[in-house]
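>
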Amino acid sequence: MSIVRPKIFLDTGICINVANGIIDPAEWRRVQKWIASRYRYVISFITLKELLIKLARGSDAYFEQNKRPLRVLWSPANRSFLPYPAVLALRTALGMRSVARSDDSGMIEEQWAKTVLGNVLKAPNKAALKRGIKVRNQRGSMWTFDLDHFDTHENSPQMEHAQLLEGIRDGNIEMPKPNSWAAWILHQFGITPLTEDCEKLGLSLDAAFRFSVALSEMAKNRSYDFTAHASDWGDALQLYYLCDARMHLLTLDADFRNRTKGSVQGSRILLYSEFVRSIRSEVS
Numbered sequence: 012m013s014i015v016r017p018k019i020f021l022d023t024g025i026c027i028n029v030a031n032g033i034i035d036p037a038e039w040r041r042v043q044k045w046i047a048s049r050y051r052y053v054i055s056f057i058t059l060k061e062l063l064i065k066l067a068r069g070s071d072a073y074f075e076q077n078k079r080p081l082r083v084l085w086s087p088a089n090r091s092f093l094p095y096p097a098v099l100a101l102r103t104a105l106g107m108r109s110v111a112r113s114d115d116s117g118m119i120e121e122q123w124a125k126t127v128l129g130n131v132l133k134a135p136n137k138a139a140l141k142r143g144i145k146v147r148n149q150r151g152s153m154w155t156f157d158l159d160h161f162d163t164h165e166n167s168p169q170m171e172h173a174q175l176l177e178g179i180r181d182g183n184i185e186m187p188k189p190n191s192w193a194a195w196i197l198h199q200f201g202i203t204p205l206t207e208d209c210e211k212l213g214l215s216l217d218a219a220f221r222f223s224v225a226l227s228e229m230a231k232n233r234s235y236d237f238t239a240h241a242s243d244w245g246d247a248l249q250l251y252y253l254c255d256a257r258m259h260l261l262t263l264d265a266d267f268r269n270r271t272k273g274s275v276q277g278s279r280i281l282l283y284s285e286f287v288r289s290i291r292s293e294v295s
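Each residue of the sequence shown is one higher than the last, beginning at 12 in our numbering.
See below:
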């Protein structure tokens, strides 16, 4: 009888801090070994997106340097990829297996993410990636990816979220409630928000909802800088993955805990410092 392992994914900050040496390399090797022995390692679409955007906005002079966090993300063996967070939530909470984001690549999301990351790591610069990377074992075939277009496309939902928070601050939009918030997610996929589905989805996204409410409260403050907090939208989406009861988030950011207090999913938000201490205590 095989044991079903819990799943774990890395927040963006961990990949960056490992790449730039802030996290000690020897310590990280121990963490990777521990993860490999205890968890199924999965890659978050949001972490991948944020690192690709960082690469897109950097100059070609630092292209290889800016790829280092992506190499950290890729490096654990037996990796698998997660779809867009809301897609996983609808599949997991509501059993909507056919739900997916619209895309013209012809690939399922998880395969698309794997292909993108693999080819970005092969590319010497942004221009070469846009021109095309040779497809292995397919003579004459090229795989292209435009980092700048990806940045523009994936930045749109973030800007919409900022506008939503501004509407709450100005009193034009009501503070979110679990069912209406879940209905908003369903509407994005053209799905009629039935009450039962909204209740199920809202419960499965408890941590993400609490995080979103915390952001809404913060946005009421006139000094709240939407630009400075642009990454908050991605942080909220990371928590959608906790709809899977086996999923764990490994992060350096205590705000994930602070903004989700009281959530039953909070125990699966693993702070890196605590995670390292737990490894040391079990090894000793």
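A virtual CB, placed ideally from N, CA and C, is assigned to each residue, including glycine.
Which of the three DSSP states is assigned to Arg-257 in this structure?
Three-state DSSP puts Arg-257 in coil, outside helix and strand.
> Could you say which of Asn-190, Ala-218 and Ile-196 lies nearest to Thr-206 if we only look at CA atoms?
For Thr-206, the nearest C-alpha among the options comes from Asn-190.
> Do the CB positions of Phe-20 and Leu-93 come within less than 8 Å of each other?
In contact: Phe-20 and Leu-93 (Cβ atoms closer than 8 Å).
> Report the three-state DSSP secondary structure of Met-12 (helix, strand or coil).
Low local confidence applies: a pLDDT of 46 at Met-12 is under 50, so the model's placement there is unreliable, and no value is given.
> Can you say whether Pro-17 is buried or exposed, counting buried as having 16 or more other CB atoms within 10 angstroms of its CB?
Answer is exposed; the Cβ neighbour count stays below 16.
> Grab the span of the beta strand (DSSP E) containing Arg-40 for me, first residue to last.
Not the beta strand (DSSP E): Arg-40 falls in the alpha helix (DSSP H), residues 36-49.
> Would you check if there are 3 or more beta carbon pairs closer than 8 Å linking the stretch 153-162 to the stretch 58-70?
As far as the Cβ criterion goes, the stretch 153-162 touches the stretch 58-70, which means the pair count is three or higher.
> Which residue or residues does DSSP assign as beta-bridge partners of Leu-281?
DSSP output for Leu-281 lists Leu-261 as bridge partner(s).
> List the DSSP bridge partners of Tyr-52.
Partner(s): Ile-19.
> Could you have a look at Phe-286 and say whether DSSP puts it in helix, strand or coil?
Phe-286: helix per DSSP, three-state reduction.
> Using a Cβ-Cβ cutoff of less than 7 Å, which residues in the same chain neighbour Val-11 once the five nearest sequence positions on both sides are dropped?
Residue 11 is absent from the structure shown; the chain starts at 12 and stops at 295.
> Please list the terminal residues of the continuous alpha helix (DSSP H) segment that includes Ser-215.
Per DSSP, Ser-215 belongs to the alpha helix (DSSP H) from 206-215.
> List the DSSP bridge partners of Met-153.
According to DSSP, which records beta bridges pairwise, Met-153 is partnered with Lys-145.
> Using the DSSP secondary-structure output, state which residues sit across from Phe-92 in a beta bridge.
According to DSSP, Phe-92 bridges with Ile-54.
> Quick check: what's the CA-CA separation for Gln-122 versus His-259?
Each residue's alpha carbon lies about 22 Å from the other.
> Please return the same chain residues whose Cβ sits closer than 7 Å to the Cβ of Val-110, not counting the five positions on each side in sequence.
Once the five neighbours on either side are set aside, the close Cβ partners of Val-110 are Val-98, Leu-101, Arg-102 and Phe-200.
> Quick check on Gly-117: buried or exposed, where buried means 16 or more other Cβ atoms within 10 Å of its Cβ?
Exposed, because fewer than 16 other Cβ atoms sit within 10 Å of the Cβ of Gly-117.
> How is Glu-223 classed by DSSP in three states: helix, strand or coil?
For the record, residue 223 in the displayed sequence is Ser; it is not Glu. Here Ser-223 sits in helix by DSSP.
> What is the C-beta distance between Lys-211 and Ala-104, in whole angstroms, given that I count them as a contact (C-beta under 8 Å)?
Confirmed, about 5 Å.
> Mapping the DSSP letters down to three states, classify Gly-273 as helix, strand or coil.
Residue state, collapsed to three classes: coil.
> Determine the closest residue to Tyr-73 out of Phe-161, Gly-273, Ala-134 and Pro-96, with distance taken between C-alpha atoms.
Comparing Cα-Cα distances from Tyr-73 to each of Phe-161, Gly-273, Ala-134 and Pro-96, the minimum goes to Ala-134.
> Hey, Ser-55 and Tyr-252 are a contact pair by Cβ (cut 8 Å); roughly how many whole angstroms apart?
Going by Cβ atoms, the distance from Ser-55 to Tyr-252 rounds to 6 Å, so yes, they are a contact pair.
> If I'm right that Ser-215 touches Cys-254 with Cβ under 8 Å, what's the distance once you round it to whole angstroms?
Right, the Cβ-Cβ distance comes to about 4 Å (below 8 Å), so this counts as a contact.
> At the level of alpha carbons, what is the spacing between Ala-41 and Arg-79?
For the record, residue 41 in the displayed sequence is Arg; it is not Ala. Distance between the alpha carbons of Arg-41 and Arg-79: 19 Å.
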